[in-house]
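>
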Amino acid sequence: MTIGIDAHNLEIGRGGAAHRYLFNLLKVWNDVSTAPQVKFILYFKKEIPKELDFLAEEKFVKKILTAPFGFQSNALFVHWLLSRAAKKDKADILFSPYYVLPVFYGGKTAVTLHDIFYEVNPKAFSWPSWADKILLKRVSKISAKKASVIFAPSEFTKSEVVKYYKVSPQKVFVTHLGVEEKFKKPSIFDRQKIKEKYGIKNKFIFYIGSIFNRRRAEEAMNAFSQIAEKLPDYQFLVIGKNSTRPFIDVKKIALGINALARAPLIIYQETVSEEDLVVLYQAADLFIWLSDYEGFGLQVIEAQASSVPVVTTRQGSLKEIAGEAAIFVENPASVSEIASAIYSGLTDEILRKNLIESGLQNVKRFDWEQCAAETLARLRF
């Protein structure tokens, strides 16, 4: 059997849930025993990432689909180059792990919809460009309609896809994402050196992920500033690209809080290396992930796997994913409620112990090998 895969999102820097998703599927499928008699063709737009060098050549074929006259666009790649290549290669099924399938492709297809916030609340969605708005909002709906199989990372997302796209629930399959082993094992890197690298003096709470309006970074920072005097040993490390629309100047807010406190309470930067990320998770005293809507919330279980207490919300899939192993903020717009949750998560030792233990139990539900096996089974239908 030949499975074609749109792999061009792996060309973008690692870190996002969609990137981790496909990378870990490929990592599991690379084992001969997990995908016998299957050939995978990975299609790329500009380059083949070096992080995929480990993939067995006899099982994985990697192709760059060169655009005519050097013209590059996602629409051209997906709807013409990818469609043409999959047809030429006689793929038994074409799999898009990121929302969009070629509109005019006539063969069997499968697509993963990580969430459909852009459909549920388009005014609040952070559209990168008008082209992305067309591709996501319109073409993902077309993709869902035409796909033979749809994968969703949570029961919540499945219900949203069925509700808004009016597709049969029988073709939507929930495949929970997993947690990489590196988050579960103590890092070999020096925690103190990594903390010093980021300007952390002692203890800290942590947020990592793209910053959207729905993820309430401003409220979380203001909440921490309200209780900082009672927690003099703590700082708040916020890492993530600012993708807010309408724009919220997260950096300016952090500088303003620090100026009033005359201390670096908030540390903000856009990126982090993969090696540092593992250490920061494990060194953090509390992880905070507030959101009005999430299709999964991979960072929540990565933090739990790292033995860190989590503060989150019940909105979207987060109650489903976090289980009972979190402090839940009922109203993520309430600065005072967030402040109370942070304070409890840092000072109540019995609560912290219970959250760590229950978090480690909760993450046992999420396994990349299981996700890959269930995905492959549906692709081979």
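Here the sequence shown stands for residues 1 to 381, numbered as in UniProt numbering.
A virtual CB, placed ideally from N, CA and C, is assigned to each residue, including glycine.
Predicted model only: the values in this text are computed from it and were never measured.
Closest to residue 277 by CA distance: which of 362, 191, 335 is it?
That would be 191, whose Cα lies nearest to the Cα of residue 277.
> For the alpha helix (DSSP H) holding residue 117, just list the boundary residues, first then last.
Element bounds for residue 117: 117-120.
> Any heavy atom of the ligand PLP closer than 7 Å to the CB of residue 162?
Questions concerning the ligand PLP fall outside what the structure shown contains, since it holds no ligand whatsoever.
> Please go through the same chain and pick out, in chain order, the residues whose beta-carbon is closer than 6 Å to the beta-carbon of residue 226, but skip the five residues on each side of it.
339.
> Could you tell me if residue 381 is buried or exposed, where buried requires 16 or more neighbouring beta carbons within 10 angstroms of its beta carbon?
Per the 10 Å Cβ criterion, exposed.
> Pop quiz: residue 205 and residue 224 are said to be a contact at Cβ under 8 Å. What is the actual Cβ separation, rounded to whole angstroms?
Indeed they touch by this definition, with Cβ atoms about 7 Å apart.
> Pick out whichever of 230, 213, 256, 99 has its Cα sitting closest to the Cα of residue 243.
With distances taken between Cα atoms, residue 243 lies closest to 213.
> Need the endpoints of the beta strand (DSSP E) that residue 289 sits in, please.
Note, residue 289: beta strand (DSSP E), 286-289.
> Return the Cβ separation of residue 383 and residue 141 in integer angstroms, given the expectation that the two are a contact with Cβ distance under 8 Å.
Since the first residue of the chain shown is 1 and the last is 381, residue 383 is not available in this structure.
> How far does the alpha helix (DSSP H) with residue 96 in it reach, from first residue to last?
No alpha helix (DSSP H) holds residue 96; the beta strand (DSSP E) holding it covers 93-96.
> Thinking C-alpha only, which one of 24, 65, 245 is nearest residue 123?
The residue with the shortest Cα to Cα distance from residue 123 is 245.
> Could you give the C-beta distance for residue 266 and residue 238, rounded to a whole number, given that I count them as a contact under 8 Å?
Right, their Cβ atoms sit about 6 Å apart.
> Is residue 234 helix, strand or coil when you go by DSSP?
Strand at residue 234.
> Taking residue 186 as the reference, give the member of 89, 303, 60 with the closest Cα.
Out of 89, 303, 60, 303 has the C-alpha closest to the C-alpha of residue 186.
> Does DSSP put residue 149 in a helix, a strand or coil?
Of the three classes helix, strand and coil, the one that applies to residue 149 here is strand, per DSSP.
> Whose C-beta lies closer than 6 Å to the C-beta of residue 216 among residues of the same chain, with five residues either side of it excluded?
Excluding sequence neighbours, residue 216 sits near 290, 332.
> Thinking C-alpha only, which one of 35, 33, 198, 6 is nearest residue 22?
Residue 6 is the option with its Cα nearest to residue 22.
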